Amino acid sequence: MDSIPIEEQFMNWKEIVKAPYDRKSVDAYTRTRVILMNGIENASVLMSHAIERMTVDPEIKRQMAAMRRADSMQQQTINWLNPANQTIIETTLGYEQVAVDLTANLARNEPDPYVKQTLDFALLEDFDHLYRYSCLYDYMEQGDPELIVQGNTEVKPGRPTVGHHRHPDDTMRKHYDKDTADIKTKMNYLTIVAGEQQTELYYKSHGFMYSDELARQIYSEIADVEEEHVTQYGLLGDPRETMLEKSALMQLCEAYIYFSCAQTETDPRIKSIWENFAKMEISHFEGCARLLEKYEGRDIRDVVRADVIEPLVVFEPNKDYVNKVIDEQLDLMPSGMEYKRLSELADTWSSFKFQWKVNRDGVPSEETTRKARDELVQRDQAKNIKEFKSQLAKRTEDVMAGRPAPPM
Ligand SMILES: [Fe+2]
Ligand SMILES: [Fe+2]
Ligand SMILES: [Fe+2]
Ligand SMILES: [Fe+2]
514 MDSIPIEEQF MNWKEIVKAP YDRKSVDAYT RTRVILMNGI ENASVLMSHA IERMTVDPEI
574 KRQMAAMRRA DSMQQQTINW LNPANQTIIE TTLGYEQVAV DLTANLARNE PDPYVKQTLD
634 FALLEDFDHL YRYSCLYDYM EQGDPELIVQ GNTEVKPGRP TVGHHRHPDD TMRKHYDKDT
694 ADIKTKMNYL TIVAGEQQTE LYYKSHGFMY SDELARQIYS EIADVEEEHV TQYGLLGDPR
754 ETMLEKSALM QLCEAYIYFS CAQTETDPRI KSIWENFAKM EISHFEGCAR LLEKYEGRDI
814 RDVVRADVIE PLVVFEPNKD YVNKVIDEQL DLMPSGMEYK RLSELADTWS SFKFQWKVNR
874 DGVPSEETTR KARDELVQRD QAKNIKEFKS QLAKRTEDVM AGRPAPPM
């Protein structure tokens with residue numbers, strides 16, 4: 514694939530803003546690709562800004578500003594593909610569909626077992642968010658979530674949101690080793706951080722736009738869970754990678770995901786955007802590689818250590834995979850950077866007290882579910898879901914009352 518020189522990447526106002534997709538006829542996975550690429554671009558721009566503020570060399574700052582400006586324009590093109598008649602909640606369902614089918618795809622192809630476990634863990638939470646927001650969609654707009662997910666992704670509870678609220682100590686994770694990690698792990702890491710960060714920012718920039726009290730509260734509750742997700746995923750990255758190394762990997766990630774999207778896109782107009790932007794990313798990556806060589810004397814090939822990144826990231830149904838993870842991992846909880854069963858947690862687990870505190874005056878995700886139509890509410894009555902909730906509530910109550918844990 515060719516690259517486009519940076520000076521040719523700046524667009525005029527009419528080029529930046531393109532016609533949106535049609536809300537009624539768009540393929541669910543075209544919408545998820547738009548949402549994901551917006552997240553990737555935002556992550557690239559935000560990371561570049563953070564690095565710029567810690568960089569002394571004027572030449573590095575100048576070149577990063579050029580790439581960042583192109584990335585910023587790309588971000589606007591992509592986000593403006595979302596149509597005005599798609600409601601905030603409909604877009605939200607799209608965000609959680611991204612979270613489910615992206616996370617499942619990354620987890621299925623993740624070579625590092627700890628990173629895979631972390632993906633599987635949060636997969637069940639975003640899966641539950643899709644269901645809770647579907648209840649909100651029914652309550653607020655009498656909408657059917659199938660309009661958005663189009664049968665590709667199931668709408669039912671995962672690990673219930675009421676149990677996602679953990680003390681910051683329990684969001685700590687181990688990081689991969691930059692010298693031995695597979696390039697796929699590094700790409701998966703940057704991709705999932707971008708997606709989760711974008712989701713958090715979306716909930717925080719839209720949740721206040723409702724006058725309905727419950728709608729305001731559930732966006733706040735789930736935005737806080739996304740903050741946990743951004744923390745846990747962000748910590749998977751090796752902090753010993755230099756800033757230029759991180760920049761090069763981010764640009765490679767942009768190219769890799771655009772290329773993935775181009776291979777699977779069904780809308781020819783949007784496919785040509787993915788192809789065009791992939792070419793721009795190759796030049797960003799090459800630019801970062803030259804900086805790495807000049808300022809650190811390092812060969813980018815020693816960082817990437819691969820000729821291809823496989824497999825591509827594909828949006829497709831993952832129902833069997835998700836159901837298997839639900840069967841096996843519904844009651845997993847993070848403790849001391851590992852994952853334990855709820856029944857194995859010590860009374861001293863920091864999140865018991867935290868949950869008791871944040872949930873004590875009512876839980877918006879639970880209240881929203883009860884407002885939905887019967888058929889949706891029934892899905893929350895599944896045996897595994899009810900058992901999880903009552904086990905967690907009892908354990909929290911016992912710990913707060915100072916009663917000892919039952920023998921295992
Ligand atoms: Fe970009
Ligand atoms: Fe989520
Ligand atoms: Fe999430
Ligand atoms: Fe870029």
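When we follow our numbering, the leftmost residue of the sequence shown carries the number 514, and every step to the right adds one.
Glycine is no exception: its CB is placed at the ideal position from the N, C-alpha and C atoms.
Computed from a predicted structure; not experimentally measured.
Item, Value
"Should alanine 635 be listed as close to ligand 3, given that the test is whether its C-beta is under 7 Å from any heavy atom?", "yes"
"CB of threonine 712 to nearest heavy atom of ligand 3: below 7 Å?", "yes"
"Within the structure, which residues are defined as neighbours of ligand 4 by a Cβ-heavy atom distance below 6 Å, reported in chain order?", "Ser557, Met580, Asp584, Gln764, Glu767, Glu794 and His797"
"For ligand 2, is there a heavy atom less than 7 Å away from the beta-carbon of glutamate 741?", "no"
"Roughly how many angstroms separate the alpha carbons of proline 877 and isoleucine 661, rounded to a whole number?", "23 Å"
"Could you tell me the boundaries of the beta strand (DSSP E) in which lysine 853 lies?", "851-854"
"Do the segment 524-543 and the segment 593-606 touch if we need at least three Cβ pairs shorter than 8 Å?", "yes"
"Is it true that the CB of arginine 546 sits closer than 8 Å to the CB of phenylalanine 828?", "yes"
"Would you report the Cα separation of phenylalanine 721 and glutamate 603, rounded to the nearest angstrom?", "16 Å"
"Enumerate in chain order the residues of its own chain whose CB-to-CB distance from aspartate 780 is below 6 Å, with the five nearest sequence positions on each side excluded.", "Thr543"
"Just the Cα atoms here: how many angstroms apart are glutamine 655 and arginine 803?", "54 Å"
"So, under 8 Å CB-CB, alanine 583 and phenylalanine 523 are touching, yes? Tell me the CB distance rounded to an integer number of Å.", "7 Å"
"When DSSP labels each residue in this structure, what does serine 724 get in the three-state scheme?", "coil"
"Could you tell me which uninterrupted beta strand (DSSP E) segments, each at least 3 residues in length, are contained entirely in the segment 652-698, listed from first to last along the chain?", "none"
"For the alpha helix (DSSP H) that contains proline 830, what are its first and last residues?", "It is not in any alpha helix (DSSP H) - proline 830 carries neither H nor E in the DSSP assignment."
"Rounded to whole angstroms, what's the CA-CA distance from leucine 905 to isoleucine 735? Just pull it up for me.", "19 Å"
"Check whether the Cβ of glutamate 806 sits closer than 7 Å to any heavy atom of ligand 1, and report yes or no.", "no"
"DSSP state of serine 538, grouped into three classes?", "coil"
"Going by DSSP, what residues sit across from serine 848 in a beta bridge?", "Glu851"
"Go ahead and pull the three-state DSSP assignment for serine 516.", "coil"
"For leucine 559 and lysine 896, I'd like the C-alpha separation in whole angstroms.", "43 Å"
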